[in-house]
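Chains as they are written, first to last, in the working numbering: chain A, 1 to 185; chain B, 1 to 122.
Backbone N, C-alpha and C define an ideal beta-carbon position, used for all residues, glycine too.
Note sheet for the following structure.
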Amino acid sequence: MTETQALQLFKCLADKSRLQILKSLAREDLYVERLSERLGLSASTVSFHLRKLTEAGAVTAHKSQYYTIYALNRSLFETKLLDVLEERPEDWELQRRRDEAYRQKVLDAFFEDGRLRAIPAQLKKKRIVLAEIARAFEPGRSYPEREVNLILAAFHDDFCTLRRDLVGEGFLTRAGGLYQKEEQH
Amino acid sequence: MTAGQKRFDDWLAGRAEQAGGRAAFLRADGRADESHWESIRRNVFSLFRDVLSAAQKANGGEEQAARRFFAEKLGVIPASWETALQRAERQEDTDRARIERVKLDAAGEIRTALAALWEEKP
Numbered sequence: 001m002t003e004t005q006a007l008q009l010f011k012c013l014a015d016k017s018r019l020q021i022l023k024s025l026a027r028e029d030l031y032v033e034r035l036s037e038r039l040g041l042s043a044s045t046v047s048f049h050l051r052k053l054t055e056a057g058a059v060t061a062h063k064s065q066y067y068t069i070y071a072l073n074r075s076l077f078e079t080k081l082l083d084v085l086e087e088r089p090e091d092w093e094l095q096r097r098r099d100e101a102y103r104q105k106v107l108d109a110f111f112e113d114g115r116l117r118a119i120p121a122q123l124k125k126k127r128i129v130l131a132e133i134a135r136a137f138e139p140g141r142s143y144p145e146r147e148v149n150l151i152l153a154a155f156h157d158d159f160c161t162l163r164r165d166l167v168g169e170g171f172l173t174r175a176g177g178l179y180q181k182e183e184q185h
Numbered sequence: 001m002t003a004g005q006k007r008f009d010d011w012l013a014g015r016a017e018q019a020g021g022r023a024a025f026l027r028a029d030g031r032a033d034e035s036h037w038e039s040i041r042r043n044v045f046s047l048f049r050d051v052l053s054a055a056q057k058a059n060g061g062e063e064q065a066a067r068r069f070f071a072e073k074l075g076v077i078p079a080s081w082e083t084a085l086q087r088a089e090r091q092e093d094t095d096r097a098r099i100e101r102v103k104l105d106a107a108g109e110i111r112t113a114l115a116a117l118w119e120e121k122p
C-alpha cells in the first residue's frame, strides 16, 4: 500500500457512518437499499459513502441482476498496520538527502583534519560521530583492546571513553577480551 | 412584514437552526461529511433569510414586488450551483457534487415553502 493509498484509506475510515457500512459488509455483501434500511441513512448518503470506500479500495462492487452488490475488500483489511508504516515513504529520497546533509554537518562540526575536536554530548550527534569512527574497523576481524585503543587514539585522546561508547552504542562487540565490528555498521 | 412573509421568515429561521443543531450532533457523533452537509444546508437557509430581508427593504411595503424579487433570486442563485454540479459530475468529483446537490435540495425545499407559506391565509 503506497503512502497516498494509506492516507486515502485512513481518511475514509475516520467517519462513523463509513465504519458502520464496513462493519455491515464484514458480515455480508449488501446493496445500497439494504444498507440504508439497516443503518438509518438515506440511500444517497449510503451511495456517497460507498463511492468513497470504493475509491479508497476498501470496498468492491459487482452487478447481480438489478442490484449493485457491495463487498468488503478483505485482503486490504488483512494488511498489518506495521506493514503500512514500514513501507518506504514516497519522499524517501528527499528524506535520505536531508539525513545525509545533517550527518555531514555534524561531521564537519566535530572533526578537524580527521581528529575529533570533542566527543558530542548529544546522543544523536554522538551516534553519527561513532558511526564514522567505526568505519576504521574491518567487519569480521577481531581486535585486541590494545589495537582498538591505538586506532581510537588517532581520533581523540580520550580513547577509553570512545571505546566504551562504541560498545555501548552497539558499533563494536566485546567477547573474551577481543573486539569486533558489528556487521550492520 | 406581512403575515405570510413572517411565516416564511420563521420557517427559514427554524430550518437554519435545525440544520445547525443536526450539524453539531453529527460532528460530535464522528460523522464529519454528513455534519458538513448540514452546515451547508444551514448556510443556504440563512442566505435566503438575508435575501428575504433584502427583498423587503428594497421594495418597501410592496408585497408582490418583494415576492418577485425573492423568487428571482431563488432562480438565479441556485442556477450557479446547478452549473457547479454538472462540472463536478464531469470531473467525477464526488465530494463537490454531493455539496452542490445538498445546496440544490435545500433551495428546492425553500421553493416549495415559498409557495405554501407566503400566500397561505391564516
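What does residue i pair with, by DSSP beta-bridge criteria?
i	result
tyrosine 179(A)	Tyr143(A) and Arg174(A)
histidine 49(A)	Its beta-bridge partners do not exist; DSSP assigns none.
serine 64(A)	Tyr67(A)
phenylalanine 111(A)	Leu116(A)
tyrosine 72(A)	The sequence as given places leucine at residue 72(A); tyrosine does not occur at that position. Note: leucine 72(A) sits in a beta bridge opposite Val59(A).
leucine 30(A)	Tyr70(A)
Tell me, to the nearest whole angstrom, how far the beta carbon of residue i is from that of residue j; I am working on the premise that it is less than 8 angstroms.
i	j	result
leucine 22(A)	leucine 50(A)	Actually they are not in contact, since the Cβ atoms of leucine 22(A) and leucine 50(A) sit about 10 angstroms apart, beyond 8 angstroms.
valine 106(A)	lysine 125(A)	5 angstroms
serine 24(A)	leucine 39(A)	7 angstroms
leucine 76(A)	glycine 57(A)	6 angstroms
leucine 104(B)	leucine 85(B)	7 angstroms
glutamate 90(A)	threonine 4(A)	7 angstroms
Compare the C-beta of residue i against all C-beta atoms of chain B and say whether one is closer than 8 angstroms.
i	result
threonine 45(A)	yes
serine 17(A)	yes
phenylalanine 48(A)	yes
lysine 52(A)	yes
Apply the 10 Å Cβ neighbour rule to residue i and answer buried if 16 or more other Cβ atoms are within range, or exposed otherwise.
i	result
leucine 12(B)	buried
aspartate 15(A)	buried
glutamate 38(B)	buried
alanine 116(B)	exposed
cysteine 160(A)	exposed
alanine 107(B)	buried
threonine 136(B)	Absent from the model: residue 136(B). The displayed extent of chain B is 1 to 122, so no value can be given.
leucine 162(A)	buried
isoleucine 46(A)	In the sequence on display, residue 46(A) carries valine and not isoleucine. With 16 or more Cβ atoms within 10 Å of its Cβ, valine 46(A) is classed as buried.
leucine 123(A)	exposed
valine 76(B)	exposed
glutamate 100(B)	buried
tryptophan 187(A)	Residue 187(A) falls outside the range modelled here, since chain A spans only 1 to 185, and no answer is possible.
phenylalanine 48(A)	buried
arginine 18(A)	buried
phenylalanine 137(A)	buried
leucine 52(B)	buried
lysine 181(A)	buried
Taking the Cβ atom as the reference point for each residue, do residue i and residue j lie within a distance shorter than 8 angstroms?
i	j	result
phenylalanine 171(A)	alanine 134(A)	yes
leucine 178(A)	serine 142(A)	yes
phenylalanine 45(B)	alanine 55(B)	no
arginine 42(B)	glycine 20(B)	yes
leucine 72(A)	alanine 26(A)	yes
tyrosine 70(A)	valine 59(A)	yes
glycine 123(B)	tryptophan 118(B)	No information on residue 123(B) is available, as it lies outside the stretch 1 to 122 that chain B covers here.
leucine 205(A)	glutamate 100(A)	Only positions 1 to 185 of chain A appear in this structure, which leaves residue 205(A) out of reach.
glutamate 109(B)	alanine 97(B)	no
So, does the CB of residue i fall closer than 8 angstroms to a CB anywhere in chain A?
i	result
glycine 30(B)	yes
arginine 98(B)	yes
glutamate 34(B)	yes
threonine 83(B)	no
threonine 2(B)	no
threonine 112(B)	no
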